[in-house]
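Numbering (the working numbering), first residue to last: 38 to 117. The beta carbon of each residue, even a glycine, is placed where N, CA and C say it ideally should be. To start, the structure itself, in structure tokens.
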């Protein structure tokens, strides 16, 4: 999945990939929405309990850590 700055677009891409077909039936679509809602509810409960949000793809874990570190400790100039 390509990473997107638009959270809705990212969610849509994730949902679309979960179908495994181009035109799912209404019942398949509803089941996938229910599964996605359950997943979101679990993540929200974990965040409210003080746990970190789950990273969906491990290949972005290192990238996200570096971005957070850069935001917390910005470089004083571009040469660093």
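Fill in: Supposed close pair residue 69, residue 81 - CB separation, criterion 8 Å
Incorrect: roughly 19 Å between the Cβ atoms, too far for contact.
Worksheet entry | Limits of the alpha helix (DSSP H) - the one that residue 74 falls within | 63-85 is the extent of the alpha helix (DSSP H) around residue 74.
Discussion item. Assuming residue 46 is part of the alpha helix (DSSP H), what are its boundary residues?
Written reply: 44-56
Worksheet entry | C-alpha gap between residue 113 and residue 99, whole angstroms | 22 Å
Fill in: Where the alpha helix (DSSP H) containing residue 100 begins and where it ends
98-109
Fill in: Contact set for residue 76: own chain, Cβ-Cβ below 7 Å, skip 5 residues either direction
Cβ neighbours of residue 76 beyond the five flanking positions: none.
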